[in-house]
Every structure is written in C-alpha cells, then in structure tokens.
Amino acid sequence: MLQGTTIILGVSGGIAVYKAVELLRLLTKAGADVHVVMTQNAQEFMTPLTFQALSGNQVHTDLFNLHQEQEIGHISLADRADLFILAPATANLIGKIAHGLADDLLTTSVMATKAPLLVVPAMNSNMYENPLYLRNEKLLVDSGFHVMEPATGELACGWRGKGKLPAPEQIFEAALSVLATKDLLGCQLLVTAGPTREEIDPVRYLSNYSSGKMGFAIAAVASRRGASVTLVSGPTDLTVPSGVKCVPVCSAEEMRAAVLAEFSAAEVVIKSAAVADYRPVKRAEQKMKKQADELTLPLEKNPDILAELGEQKGERVLVGFAAETERLLAHAADKLKRKNLDLIVANDVSKEGAGFNVDTNIVRFLHANGEVEGFDLMTKEQVAEQLLNRVRLLWQAAQHKIG
Ligand code: CTP
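The opening residue of the sequence shown carries number 0 in numbering that gives the first Met the number 0; numbering runs sequentially from there.
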C-alpha cells in the first residue's frame, strides 16, 4: 500500500510516545520507508533503539551529530520525504513550528521539508483549550498543514478530557488520506455492506457469513480519495472509516428504506451487501418453544434492492457484487443485465481467500459492454482501489453526459 513512500515520523516528548511505536509498525508493515526523528524530551520516554529496530533505519536525534549527518543528512531526508508526520506533537512543538522556529533537529527538518505535514497533537485538556495553543494550531491549519483532532478520554495526568493521541490506526488512516490523490472529489457515493438479519423471534434470526469488510474497504478508500461517502451497513464488528456517514440497518426491508432515502443524492451506488433473499413470513412475538421433531419455517421473498435501483438508475453509476459457488461468469453476467448495472464484481466464494469474512478476495470485473477483467488474489483494500479506478471513469463519463 505504501511501497516506495518515504515518511518522516517526528516524535516529541509525551506519554503517548509509546503509541508512535505502534504507528511506526503500521507504516512499515504497509511498505513505507520510515525515518524517525526524536526530540530530546521524547528520548526521556523511550529510547531511540525501539524505533530503530522497528524502522530498520537509524533514528535521528541530534542536529550536530556528524555521524548521523554523514549517513543521511537531515536536509536531504526532509527534501525527499513524501509525508512528514508529527506524533505525538506537544504544545511546545506546535508553538515552535507555528512561529517558524527551528532550534533542534525535528523543527529544522520540518522547516526544510516540502512534504505534506500531518500534525497529531497530544496534551493535557487545559493546554489544548488554551487560547495561545489554539492560535498556534490555527496558524498551522492556515498554512495548509493537516492537524488531527485529539481523542477524548482519560489523560496521562489523571484528568478526563480532550487531548489524547488518537489511536495509531486512526493516524495511519489519516496518513493514507493525506497521501491519496483526491480523484473522487465531489463524487456522492452510496455503499452498502455487511449481511442483513431477518428475525425469526426475539432471540433468533436468518443471516449469512458476510463480515462487511469489502464494503467498509470501499467506503474507506473512496473517502480517502475525496468522495462524499454514505455507508448503509447491516450488523458488523467493524469501525466506521473516518469521514464516512454510516446508516446502520438490520433487515433487508430496513436496508431498502435507507438506500432509497439516500438514492436521489447519490451519483454512484456500490451494493456490496449480502442481502438475505428470504425472510420469515411472520416474526414470532415470543421466543419460539421447542415442540415437534421437525420445524418448517415459511419464508417469503425480500425485495431485490439493486434491481429496484436499476429501474430508476438515470445517469447514476450502479455497481453490484455477485458471490457465487458455481458458473461464476454466467451468473454474474445474468445479474449485470437483469439489474441494469454498469459493472459487477464477481467472486467465487468457494475459493480459498475469496470467501466471506477474510481480508482478501479473488475477483473479476464484468462491464456492461461485455469486457471481463480478471485479477489474482488481492486484499479487499486493493480490490476497492481497482474497483474505484473503474468507477471514477464511469462517473466522469456520466457527468459529461449530464453536463
Ligand atoms: N441484492 C439486493 N437485494 C437483494 C439481493 C441482492 O440488492 N434482495 C444485491 C446485492 O447487494 C448484490 C447483488 O444484488 O450487489 C447480487 O446479489 P446476490 O445475492 O449474489 O444475487 P441475487 O440477485 O440474490 O441472486 P441469487 O441469490 O439467485 O444468486
């Protein structure tokens, strides 16, 4: 995901330094070449050795260290970085940067970089609310730097309030967002995800193994690429990606109502939800008691949401998913046509790595013009990137028609 990307991680002193270690791990795992610069105070909380071992690069600590400068000078490092992250960024560091001060290695490197700067503040909540701090933060925002909002919770000083360093996963996501090309800016995108649950009685339901991972990956990547994303999701354990509006639903009927309510504003709809085809004719008011040896549960058909959208499509881009266990292309092609889609993502869920509830998928894209594209095993994020590349072209073509 971040192969070929050089990132400088600037770490200033604060109890949250330990979270920067986890952030470093996420960045290197994604393939980034990360160079850590630590302030003197940061080294009071953690030694450079930990960051060195995890980054595989020498940690930079001293402006006047000839050895470090000989290995790789801080100016050339700052110059070739694709992204500069400051996490945790103390009030002191933010104040110095806001006023153009460069009196140590970290602040000098910040001054010397042309890379986008992602600032992740962490401090006591009173400090965070101090007008002097807020003025400095505003100076950074006005200068075009990206400043994350701190999390609220229990602070190291024992207080509760706003000022905690956000979770490393959130900082990682923000970094991906800063790095992403905003090629979907202005696009109103509606995504569905997850399974639906059709209640049998107050304690039982019919459902399927869908985890929602594919739809959530599409929502995250699209939001990162600038789209305005609404995610209508059945029950999942997943965290809603930042910047995404989520409408939680349970049954197919609820999903239909939520999707139809969002449909008029949408320019692109991607239906990756695994909607239950049938629901019990009657939901029992009370828990059903065990009686005969056999039980027959009468079911009735759920509405086909995507087919309904296909009928009212207009100039919208409509994308469906087809999870099959046999005759993949024939079934997917039939759904593409029957539901009036522009593209359908077909995956054989009986293949290893392509089923429900895994992080990977093996897909084919079937286009309305008959073109079929095949792909090897990819992560669901990579599938989302590839899918959104095609969606972008379809969306632009549709806008051309409208314009
Ligand atoms: N879909 C939908 N509403 C339904 C069933 C499916 O919107 N009631 C959508 C899914 O979100 C997916 C596409 O239609 O994008 C194909 O879903 P799938 O379950 O594979 O196909 P079905 O049309 O249900 O056909 P079958 O069950 O016969 O495979």
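Built from N, CA and C at the ideal position, the CB exists for glycine as well. This one's a predicted model, so the numbers in the text were calculated from it and none came from an experiment.
Heavy atom of ligand 1 within 8 angstroms of Ser349 beta-carbon: Within the sequence shown, the letter at position 350 stands for residue 349. Answer for Ser349: no, Cβ out of range of ligand 1.
heavy atom of ligand 1 below 8 angstroms from Asp276 C-beta: On the sequence shown, residue 276 is found 277 positions in, with the first residue counted as 1. Set against 8 angstroms, the gap from the CB of Asp276 to the closest heavy atom of ligand 1 is smaller.
Where Gln285 falls: helix, strand or coil (DSSP): Along the sequence shown, read from residue 1 onward, the residue named residue 285 stands at position 286. In the structure shown, Gln285 sits in coil (DSSP, three-state: anything other than H, G, I, E or B).
Assigned exposure category for Leu335 - 16 Cβ within 10 Å defines buried: Locating residue 335 in the sequence shown gives position 336, counting from the first residue. Counting Cβ neighbours within 10 Å, Leu335 comes out buried, since at least 16 surround it.
Sufficient close CB pairs (3 or more, under 8 angstroms) joining the region 108 to 125 to the region 80 to 87: Touching, yes.
Cβ-based neighbour list, Trp394, same chain, cut-off 7 angstroms, excluding 5 preceding and 5 following: Here residue 394 is taken as the residue at index 395 of the sequence shown, counted from 1. Within the same chain, Cβ atoms closer than 7 angstroms to the Cβ of Trp394 are found at Cys186, Glu266, Val267, Val316, the five residues on either side in sequence being excluded.
Rounded distance between the beta-carbons of Ser271 and Ile343, thought under 8 angstroms: As a working mapping, residue 343 is identified with position 344 in the sequence shown. As a working mapping, residue 271 is identified with position 272 in the sequence shown. So it is not a contact: roughly 11 angstroms between Cβ atoms.
Distance cut-off 8 angstroms: Pro302 Cβ against heavy atoms of ligand 1: As a first step, residue 302 is located in the sequence shown; it is residue number 303 there, counting from the start. When distances are taken from the beta-carbon of Pro302 to the heavy atoms of ligand 1, the shortest one is below 8 angstroms.
Under the three-state DSSP convention, the category Pro302 falls into: For this step, residue 302 is matched to residue 303 along the sequence shown. Reduced to three states, the DSSP call for Pro302 is coil.
Distance cut-off 8 angstroms: Met312 Cβ against heavy atoms of ligand 1: Within the sequence shown, numbered from 1, the residue matching residue 312 stands at position 313. Residue identity check: residue 312 is Lys in the sequence provided, not Met. It does not: the Cβ of Lys312 is nowhere closer than 8 angstroms to a heavy atom of ligand 1.
Nearest to Val146 (by Cα), restricted to the options Cys156, Leu133, Gly152: For this step, residue 146 is matched to residue 147 along the sequence shown. The option with the nearest alpha carbon to Val146 is Leu133.
Span of the beta strand (DSSP E) around Asn346: Here the question's residue 346 lines up with position 347 in the sequence shown. For Asn346, the enclosing beta strand (DSSP E) has its first and last residue at 342 to 347.
Whole beta strand (DSSP E) elements within the region 192 to 232, 3-residue minimum: Listed in chain order, the complete beta strand (DSSP E) runs (minimum 3 residues) inside the region 192 to 232 are 197 to 200, 203 to 205, 227 to 232.
Cβ distance (whole Å) where Lys286 is taken to contact Asp200 below 8 angstroms: For this step, residue 286 is matched to residue 287 along the sequence shown. For this step, residue 200 is matched to residue 201 along the sequence shown. 5 angstroms between Cβ atoms; contact.
Contact between the region 41 to 58 and the region 11 to 22 (3+ Cβ pairs under 8 angstroms): Flag = yes, the region 41 to 58 and the region 11 to 22 touch.
Cβ-based neighbour list, Phe83, same chain, cut-off 6 angstroms, excluding 5 preceding and 5 following: Taking the sequence shown and counting its residues from 1, one reaches residue 83 at position 84. Excluding sequence neighbours, Phe83 sits near Ile7, Thr112, Ala114, Leu116.
Thr107: first and last residue of the uninterrupted alpha helix (DSSP H) it sits in: Taking the first residue of the sequence shown as 1, we reach residue 107 at position 108. Counting along the chain, the alpha helix (DSSP H) containing Thr107 begins and ends at 104 to 111.
Nearest to Leu178 (by Cα), restricted to the options Ser222, Gly214, Gly354: The residue labelled residue 178 in the question sits at position 179 within the sequence shown. For the residues Ser222, Gly214, Gly354, the minimum Cα distance to Leu178 belongs to Ser222.
Distance between Leu296 and Leu1 (C-alpha atoms, nearest Å): The sequence position of residue 1 within the sequence shown is 2, counting from 1. The sequence position of residue 296 within the sequence shown is 297, counting from 1. Distance between the alpha carbons of Leu1 and Leu296 is about 50 angstroms.
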